[in-house]
Structures are given as C-alpha cells and as structure tokens.
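> First the structure, then my questions, so here it is.
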Amino acid sequence: MPGDTPDDSQASRTSLWRRIPLWQKILAGLALGVLAGVVMGEDASLFKPLGDIFISAIKMLIVPLVFSTLVVGITGMRDPKKMGRIGARTIALYLLTTAFAITIGLAASWLFEPGVGLTMSFETGAGDTQQAPSLIDILVGLVPQNPIEALASGNILQIIVFAIGLGISLTLIGDKGEPVVRVFEGFAEAMVKLTAIVMAFAPIGVFGLIAHVAGSYGAEVLLPLAKVIGVAYLASIVHVLVVYSGLLALLGRLNPMRYLQGILDALVVAYSSASSSGTLPVSLRCATKNLGVSDGVAGFVLPVGATINMDGTAIYQGVVAVFIAQLIGVDLSMADYGMIVLTGTLASIGTAGVPGAGLVMLSIVMAQIGLPLEALAVIAGVDRILDMARTSVNVAGDLMVTTLVGKSEGELDETVYNARHKG
Ligand code: ASP
34 MPGDTPDDSQ ASRTSLWRRI PLWQKILAGL ALGVLAGVVM GEDASLFKPL
84 GDIFISAIKM LIVPLVFSTL VVGITGMRDP KKMGRIGART IALYLLTTAF
134 AITIGLAASW LFEPGVGLTM SFETGAGDTQ QAPSLIDILV GLVPQNPIEA
184 LASGNILQII VFAIGLGISL TLIGDKGEPV VRVFEGFAEA MVKLTAIVMA
234 FAPIGVFGLI AHVAGSYGAE VLLPLAKVIG VAYLASIVHV LVVYSGLLAL
284 LGRLNPMRYL QGILDALVVA YSSASSSGTL PVSLRCATKN LGVSDGVAGF
334 VLPVGATINM DGTAIYQGVV AVFIAQLIGV DLSMADYGMI VLTGTLASIG
384 TAGVPGAGLV MLSIVMAQIG LPLEALAVIA GVDRILDMAR TSVNVAGDLM
434 VTTLVGKSEG ELDETVYNAR HKG
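Oh and the sequence shown: position 258 is 291 in our numbering, straight run, nothing missing.
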C-alpha cells in the first residue's frame, strides 16, 4: 500500500499468513507437493529432507507427550472404575469398527473385481511367512520390566501401562503426590505447545513428503493397478463416510461434519507420512483442541488406537486378498471369507503404525487361505499409495472412537466439538 513502511507491510503479510487456518495451509502444501512431483518427477525428491525433518520433529513428541498427557489425564479422573469402563468401551469399539472395515474391503473387491481379466506375472518360490501374534504374547508384553527402557524404545502399550500405574498411585498418595502431578501438568502443557509449534511447519513438511511420493510413481507403475487402488480408496472413503459418520450420529448423536472438519490436520499428516504412530501428536491435538475430548480420554484411547486399531489396514487386507485370488483365478469359499475376517482382524491389531507394516502383515492372511505369498510382489510396487490411504483411515478410526468414548463418559465438550474450528 502506498505510504506503508516496510515494517507495516511485513506485519500485514505475517498476519495474513496467520489468518489462513492451518488445515488450509496444509492442504495447499499437499496440492503443491503433488504438482511439484508431477512436474519434476524423480527430481522432486530434492524436497524430501523437508518432509523428513518434519516427521522427525513430530516423532520426537510422541513419547513425552503421550506419557505426560496420560499421567495428567489419569490423576484428573480420580475414579479407577471409570478407567476400566473406558478401557472396555475402547476395545469393543475398536474391534467392532475393524470387523466392519474388513467386511467392506472384501465386499468392495468382490463387487468390483479389480483382479479379473488382469494378467500379471510374479516369480514363484519360497516367500516369507509371518506369524500372527498370540494373545498371550500380547498380554505378557504389555507390562514393562523396565519403564525407562519402554520410554526409550517408544513401546507405546508398555508406556500406557506404566503411566496408568503412576497416575493411579499419584492419586492414591494424595497431598504428597501433588507436586509431582503439577510437574507433569506443566510438562504436558509444554509438550502440547511444542506440538503446536511443530505443526506450524506442517504445510512445508507435507509438501516435501508428497512431492517425493508423487515424483517417484510414474503412470507405468500405477496404471495397471489403477483399479485395485481405486477400489481400496473407495472402500476407505465409504468406511469413513458411512460407518464412522453413522456411528457418530447414531451412538453419539453428534454431527459427523464437525468430526470430519476437526480431524483434517491429522488426516493429511497421516496421508503424507503413512505412519499412524507418527501422527499421534497431531491426533491428540485434533482430539482435544478441535473435537473437545478431555485429555484423560484422548491420552488413553488414541495411543491404544495408534497401536492396535488399524481399520484402513483391515480394509486393505480384504481388498488385496480378494484381488490376488481373482488375479490367479482362485475361487474363495464362504469359509475363506470368514477366515480373512478373522485373521485380518488379528493381523491388523498386530500391525505396527509405521510405513509398510500392513504389507508384511498381509502375508498372514494370504498364508491362511493358501494364496501364494509371491503375489505380494505385484502390490508391493504401489504399496505406498495404498499405505497413505489406509493410514488416514487408521487415524480417522482412532479419532472417531475417541470421540464416542469421550461422549459416553461425559468427557466431550460439545461446545468445542460443535464450534467451527479455525485450525
Ligand atoms: N502404515 C500404516 C499405519 O501407520 C500401517 C500399515 O502399513 O498398514 O497406520
């Protein structure tokens, strides 16, 4: 503007940047990233370090944020019975949504037949088989022998167990525990602040990650598998829009649109990073800041979800198992479908929230129904594209269950939930 001093125009530029909601900036980063990837091809990996720095910065927050939020959440709850109830509801809802997910994946592939009429060769030979984790092993592994080691290695389930124990004990010792609780409160708040600071760089990080992915997948890899990719994406969208929105409306009497808007940051970070564990700090922020879930509920339900609830992975297993059966001309029986639902649910629980983990776990499902593991090579070339979608659903599912559990426990601030968040 004429007459503006350089300082004024600088200030107005800064405030314009600030006025744009974060989610819009992140989406712009995503779109520009795709554009850069398409235009620059492999050269776009030049921007990858920007994404890597961003992902490392979010991962840096996971352990301290989860630990401190959960300790503070438990000490604020002051009712051990409530904890048990929340745990039971969380697990029940996670299992229910996963069963829905795998069924939708199976139905989508059965309906659209992405593997019929496609000829793709793969080498036969010995493939790697994975073992489904046994329930006993999972249970025994929950209790850390050394909490410091659990924290150092980022074992989220063990960290949760220790944080719950510490939180309950701090409450039980009353006044003596107060100073420690206050330290955790301050620490948790600082971690939340640090998350906000890191998230300010999300548009740049997302840009770098997506530019790299968009630049490394050419049409020659994507086109032959376009149909199965399309079916997996469609099933994922249906799951979020129908199952999640439906459950929120029916069980929670909540407007699903607010949920979808509130989780956008987490969705985009999940999509570009392909890691639901890595997205955890962003999910925690969305749950508490945008959806109005209490720290206690979000601090418990989300980390558990990021570790065991993988609806997107379950959809993917359903879609790909049927796709491969079609590809090699094997007719699946009703018993096979039942087996896929069962092993797929277990395999998704055992899937780590890191990039590519679902592909490895898919071999469990394939082995169970006698499909050749070598066929996985067909899908491996485009797995990242599928991984991005399934991770977004994984994160969306965790946030949906968190919202429902929050609502059922009276730990959801509906004024915050219903407010149009500015990002
Ligand atoms: N990448 C997914 C996640 O982090 C897991 C998978 O590969 O299915 O949630």
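Note that beta-carbon positions come from the ideal geometry of N, C-alpha and C, so glycine has one too.
From a predicted model like this one, the values you see are computed outputs, not experimental measurements.
According to DSSP, is V176 part of a helix, a strand, or is it coil?
Residue 176 sits at position 143 when you count from the first residue of the sequence shown. Here V176 sits in coil by DSSP.
> My understanding is that P388 touches S327, with C-beta atoms under 8 Å, so please give their C-beta distance in whole angstroms.
As a first step, residue 388 is located in the sequence shown; it is residue number 355 there, counting from the start. As a first step, residue 327 is located in the sequence shown; it is residue number 294 there, counting from the start. Not really, about 31 Å apart at Cβ, beyond 8 Å.
> Which residues does DSSP list as the beta-bridge partners of L445?
Locating residue 445 in the sequence shown gives position 412, counting from the first residue. Paired residues: V326.
> Helix, strand or coil: how does DSSP classify L490 here?
Because the chain spans 34 through 456 in this model, residue 490 falls outside it and cannot be assessed.
> Between the stretch 408 to 421 and the stretch 295 to 302, are three or more C-beta pairs nearer than 8 Å?
With the cut-off at 8 Å, the stretch 408 to 421 and the stretch 295 to 302 do not touch.
> Does the Cβ of D344 lie closer than 6 Å to at least one heavy atom of the ligand ASP?
Here residue 344 corresponds to residue number 311 of the sequence shown, with the count starting at 1. Incorrect: D344 has no Cβ contact closer than 6 Å to the ligand ASP.
> How far does the alpha helix (DSSP H) with Y304 in it extend, from its first residue to its last?
Walking along the sequence shown from the start, residue 304 turns up at place 271. Counting along the chain, the alpha helix (DSSP H) containing Y304 begins and ends at L297 to S306.
> Using a Cβ distance threshold of 8 Å, determine whether the stretch 257 to 271 contacts the stretch 352 to 364, with at least three qualifying pairs required.
A contact exists between the stretch 257 to 271 and the stretch 352 to 364.
> What are the boundary residues of the alpha helix (DSSP H) that includes S89?
Position 56 of the sequence shown, counted from the start, is the residue given in the question as residue 89. K81 to M110 is the extent of the alpha helix (DSSP H) around S89.
> Report yes if the C-beta distance between C319 and I296 is below 7 Å; otherwise report no.
Sequence index remark: in the sequence shown, residue 319 carries index 286 (1-based). Sequence index remark: in the sequence shown, residue 296 carries index 263 (1-based). Cβ distance < 7 Å, so C319 and I296 count as in contact.
> Evaluate the contact criterion for the stretch 65 to 75 versus the stretch 199 to 215: three or more CB pairs, one atom per stretch, below 8 Å.
The stretch 65 to 75 is not in contact with the stretch 199 to 215.
> If I measure Cβ to Cβ from G187 and keep anything under 7 Å in the same chain, skipping five residues before and after, which residues do I get?
In the sequence shown, residue 187 corresponds to position 154, counting from 1. Closer than 7 Å at the Cβ level, and outside the excluded window around G187, lie I95 and V96.
> Can F87 and G238 be called in contact, C-beta distance under 7 Å?
Translated into the one-based positions of the sequence shown, residue 87 becomes position 54. Translated into the one-based positions of the sequence shown, residue 238 becomes position 205. For F87 and G238, yes; Cβs fall inside 7 Å.
> In its own chain, which residues sit with a C-beta less than 6 Å from the C-beta of G439, not counting the 5 before and 5 after it?
In the sequence shown, counting from the first residue as 1, residue 439 sits at position 406. For G439, where only same-chain residues beyond five positions count, the Cβ hits under 6 Å are V326, V330 and L445.
> Please report the distance separating the alpha-carbon of P54 from that of T436.
Within the sequence shown, the letter at position 21 stands for residue 54. Within the sequence shown, the letter at position 403 stands for residue 436. The straight-line gap from Cα to Cα measures roughly 22 Å.
> Quick check on this structure: which residue in Q191, D170 and L172 has the alpha carbon closest to the alpha carbon of P180?
Taking the sequence shown and counting its residues from 1, one reaches residue 180 at position 147. Comparing Cα positions, the closest option is Q191.
> Please state if the CB of S101 and the CB of F217 are separated by a distance shorter than 7 Å.
In the sequence shown, counting from the first residue as 1, residue 217 sits at position 184. In the sequence shown, counting from the first residue as 1, residue 101 sits at position 68. It is a contact, given that the beta carbons lie within the stated cut-off.
> Would you kindly work out how many angstroms separate the C-alpha atoms of S78 and A390, rounded to a whole number?
Indexing the sequence shown from 1 puts residue 78 at position 45. Indexing the sequence shown from 1 puts residue 390 at position 357. So the two alpha carbons sit approximately 23 Å from each other.
> CB-CB under 6 Å to Y450, same chain, minus the five flanking residues each way: which ones, in chain order?
The residue you call residue 450 lines up with position 417 of the sequence shown. Excluding residues within five positions, the ones whose Cβ falls inside 6 Å are R291, L324 and G325.
> For a minimum of 4 consecutive residues, which ranges assigned as the alpha helix (DSSP H) are wholly contained in the stretch 193 to 238?
The stretch 193 to 238 contains these whole alpha helix (DSSP H) runs: 211 to 232.
> Anyone know if the C-beta pair for N427 and M343 falls short of 7 Å?
The residue labelled residue 427 in the question sits at position 394 within the sequence shown. The residue labelled residue 343 in the question sits at position 310 within the sequence shown. A contact, by the Cβ cut-off of 7 Å.
> Measuring CB atoms only, is the stretch 197 to 206 touching the stretch 104 to 114, in the sense that at least three cross pairs come out at less than 8 Å?
A contact exists between the stretch 197 to 206 and the stretch 104 to 114.
> Just to check my reading of the structure: V434 and T123 have Cβ atoms closer than 8 Å, yes? What is that Cβ distance to the nearest angstrom?
Within the sequence shown, the letter at position 401 stands for residue 434. Within the sequence shown, the letter at position 90 stands for residue 123. Sure, about 6 Å apart at Cβ, within 8 Å.
> Is A307 close to the ligand ASP? I mean its beta-carbon at under 6 Å from any heavy atom of the ligand.
As a working note, residue 307 is residue 274 in the sequence shown. Yes, the ligand ASP has a heavy atom inside 6 Å of this Cβ.
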